[in-house]
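A.B. asks: Our numbering runs 33 ahead of the 1-based position in the sequence shown. We treat Cβ as the ideally placed atom computed from N, Cα and C, and that holds for glycine. Quick caveat: nothing in here was measured; it's all calculated off a predicted structure.
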Amino acid sequence: MTTRSPMHQQIDTLPALIRAIVQPFDAAARSALDFETCTSVKRIYLVGCGDSHHAPVGAELAFNQLTGVPTQALSSLPFSRYTAGFLPATGPKTNLVIGVSVSGRVSRTIEALEMANQAGATTVALTGNPGGPFGQAAAHVFETAVPPLPDELAGMTVPGIRSYLASQIALLLAALRIGEVRGALTTRAADAERAQLAELADIMEETIRVCEPVADALAERWRGATQFEFVGSGPLYGVAMFSAAKVLEASGDPALAQETEEWSHLQYFTAEAGIPTILLSANDFDADRMAEVARAAASIGRPLALVSTEDAGEIRQYVGDLLPIPRALPERYASVVYSIPGELLAAARAASVGSAYFCNFEGGRSVDWADGASAIYDSHRITALKR
34 MTTRSPMHQQ
44 IDTLPALIRA
54 IVQPFDAAAR
64 SALDFETCTS
74 VKRIYLVGCG
84 DSHHAPVGAE
94 LAFNQLTGVP
104 TQALSSLPFS
114 RYTAGFLPAT
124 GPKTNLVIGV
134 SVSGRVSRTI
144 EALEMANQAG
154 ATTVALTGNP
164 GGPFGQAAAH
174 VFETAVPPLP
184 DELAGMTVPG
194 IRSYLASQIA
204 LLLAALRIGE
214 VRGALTTRAA
224 DAERAQLAEL
234 ADIMEETIRV
244 CEPVADALAE
254 RWRGATQFEF
264 VGSGPLYGVA
274 MFSAAKVLEA
284 SGDPALAQET
294 EEWSHLQYFT
304 AEAGIPTILL
314 SANDFDADRM
324 AEVARAAASI
334 GRPLALVSTE
344 DAGEIRQYVG
354 DLLPIPRALP
364 ERYASVVYSI
374 PGELLAAARA
384 ASVGSAYFCN
394 FEGGRSVDWA
404 DGASAIYDSH
414 RITALKR
């Protein structure tokens, strides 16, 4: 593309952002998650809304692998209204609820922490606004403020990508902190994992370079598309949700995320064959099933693209276009890098069709969002556990 859109320009800043935040966020993780919290916990819940839910879904596997503690990622409303009242009665400090809200103002995630407090859980607010009502609702605060953008990019209203990356890195560092304190990881092993997180910046730079031309070409080829689907499982279901969110925020196109197995039960029967379908696979836990889904999608005429490494095995024979991840990495960290192709595709789609981000906040939508019907910042909050 001859002119880089504001969204493209922010994507370009992501590798430098990782390099800037890994060390301070590691220190923040150590401060927010003290020895008693880490050693007492028997169950971890990761809660948030929108991108702040997608990041926890992407981090759930890392928590399960690195902490040795069963972990579940839930959207804030299902947690506050349907889960908090039924937390296991395993004793003081045994349930840990880590809420994610970049703005620190989202009503439903504030409510989630308030209900977790009532249920006797230990609460941590992972937020870029530690002094906001969300931070005030938590027992501990994990601050995730990101460095400011260069002056030429400051003040632009762009679909959130920097904040999502910050939440991802913070969650992964939280998992490493808990795992190290509990002895699930030696200090040497934990430090090696932290170094691997920092090295993701180099892989992201490479990914942007090799995927952007493919994303631009797909956006042009799919110019007549009226909807999009992203398919993944495990951490990459989180990326599928995030990628779909970026498309609908950037261009206003209907975009759906579906879990790999569920796609074969549901979207397989969609009458419209021409829906661009983007498959995401780390070629690990779900590789065999994703190959079957790719074959099924190809058999019904879906235009397909795959986000994976070059050696994606059987899946590749059914998919013509590859948005390549240049290096293999553990699936628990895949969400950090695999989100790049969806961001690039969303940015290219919006630029190709000339769409304003967030529908230019027209048609009854509000720039602040809270003033409109969505009411994400001033929604009514319950004050007692539902049982």
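1) Could you check whether the region 130–138 touches the region 147–167, counting it as contact only if at least three pairs of C-beta atoms, one from each stretch, sit closer than 8 Å?
2) Would you mind reading off the limits of the beta strand (DSSP E) that contains Thr-104?
3) Counting C-beta neighbours from all protein chains within 10 Å, is the total for Pro-48 16 or more, i.e. buried, or is it exposed?
4) Do Ile-308 and Arg-335 have their CB atoms nearer than 8 Å?
5) Please state whether the Cβ-Cβ distance between Cys-82 and Ser-113 is less than 8 Å.
6) According to DSSP, is Met-34 helix, strand or coil?
7) Can you give me the C-alpha to C-alpha distance between Ala-225 and Val-135, rounded to a whole angstrom?
8) Can you list, in chain order, the residues of its chain with a C-beta nearer than 8 Å to that of Ser-140? Leave out the 5 residues immediately preceding and following it.
9) With the cut-off set at 8 Å, would you say Ala-145 and Val-74 are in Cβ contact?
10) Here's the rule I'm using: 16 or more other beta-carbon atoms within 10 Å means buried, otherwise exposed. How should Asn-393 be labelled?
11) How close, in whole Å, do the beta carbons of Leu-313 and Gly-265 come, if the pair is a contact with beta carbons under 8 Å?
12) Since Leu-50 and Ile-211 are thought to touch, with beta carbons under 8 Å apart, how far apart are those beta carbons, to the nearest angstrom?
13) If the criterion is Cβ atoms closer than 8 Å, does the pair Ala-283 and Ser-388 meet it?
14) Whole angstroms are fine: how far does the CA of Ala-231 sit from the CA of Leu-362?
15) If Ala-117 sits next to Met-148, beta carbons under 8 Å apart, how far is it from one beta carbon to the other, in whole angstroms?
16) Kindly give me the distance between the Cβ atoms of Ala-277 and Phe-261, rounded to whole angstroms, as I take these residues to be in contact under 8 Å.
17) Grouping DSSP H, G and I as helix and E and B as strand, with all else coil, what is Glu-239?
18) Quick test of your reading: Gln-201 and Ala-88, contact by CB under 8 Å. State the CB separation rounded to the nearest angstrom.
19) Could you tell me which of Phe-58, Pro-246, Pro-121, Gly-164 sits nearest to Ile-373, measuring between CA atoms?
20) Alpha carbon to alpha carbon, how far is Thr-160 from Ile-311? Give it in angstroms, no decimals.
C.D. replies: According to the structure data:
1) yes
2) Residue numbering aside, residue 104 sits at position 71 when the sequence shown is read from its first letter. Element bounds for Thr-104: 104–108.
3) Reading the sequence shown from its first residue, position 15 is the one you call residue 48. Buried, by the Cβ-count rule.
4) Position 275 of the sequence shown, counted from the start, is the residue given in the question as residue 308. Position 302 of the sequence shown, counted from the start, is the residue given in the question as residue 335. Yes.
5) Residue 82 sits at position 49 when you count from the first residue of the sequence shown. Residue 113 sits at position 80 when you count from the first residue of the sequence shown. Going by C-beta atoms, Cys-82 is not nearer than 8 Å to Ser-113.
6) As a position in the sequence shown, residue 34 is number 1, starting the count at 1. Only weak support is given to the placement of Met-34: the predicted model assigns it a pLDDT of 44, under 50, and the value that follows is read from those uncertain coordinates. Of the three classes helix, strand and coil, the one that applies to Met-34 here is coil, per DSSP.
7) In the sequence shown, the residue the question calls residue 225 occupies position 192. In the sequence shown, the residue the question calls residue 135 occupies position 102. Roughly 28 Å between the two C-alpha positions.
8) Here residue 140 corresponds to residue number 107 of the sequence shown, with the count starting at 1. So the qualifying residues of the chain are Ala-408, Ile-409, Tyr-410, Asp-411, Ser-412, His-413, Arg-414.
9) Here the question's residue 145 lines up with position 112 in the sequence shown. Here the question's residue 74 lines up with position 41 in the sequence shown. No.
10) Along the sequence shown, read from residue 1 onward, the residue named residue 393 stands at position 360. The residue in question, Asn-393, is exposed, as its Cβ has fewer than 16 Cβ neighbours within 10 Å.
11) In the sequence shown, the residue the question calls residue 313 occupies position 280. In the sequence shown, the residue the question calls residue 265 occupies position 232. The Cβ separation is near 4 Å, so the contact holds.
12) Your numbering for residue 50 matches position 17 in the sequence shown. Your numbering for residue 211 matches position 178 in the sequence shown. That belief does not hold up - the Cβ atoms of Leu-50 and Ile-211 are roughly 24 Å apart, past 8 Å.
13) Residue mapping note: residue 283 aligns to position 250 of the sequence shown, counting from 1. Residue mapping note: residue 388 aligns to position 355 of the sequence shown, counting from 1. Yes, the Cβ-Cβ distance between Ala-283 and Ser-388 is below 8 Å.
14) Your numbering for residue 362 matches position 329 in the sequence shown. Your numbering for residue 231 matches position 198 in the sequence shown. Roughly 13 Å between the two C-alpha positions.
15) The sequence position of residue 117 within the sequence shown is 84, counting from 1. The sequence position of residue 148 within the sequence shown is 115, counting from 1. The Cβ separation is near 4 Å, so the contact holds.
16) To locate residue 277, count along the sequence shown from 1; it is residue 244. To locate residue 261, count along the sequence shown from 1; it is residue 228. That belief holds up - the Cβ atoms of Ala-277 and Phe-261 are roughly 7 Å apart, short of 8 Å.
17) Residue numbering aside, residue 239 sits at position 206 when the sequence shown is read from its first letter. Glu-239 falls in the helix class under three-state DSSP.
18) Start at 1 with the first residue of the sequence shown, and residue 201 comes out as number 168. Start at 1 with the first residue of the sequence shown, and residue 88 comes out as number 55. About 5 Å separates the two Cβ atoms, so the contact holds.
19) Start at 1 with the first residue of the sequence shown, and residue 373 comes out as number 340. Minimum Cα distance to Ile-373 is reached at Pro-246.
20) Position 278 of the sequence shown, counted from the first residue, corresponds to residue 311. Position 127 of the sequence shown, counted from the first residue, corresponds to residue 160. In a straight line, the C-alpha of Ile-311 is about 31 Å away from that of Thr-160.
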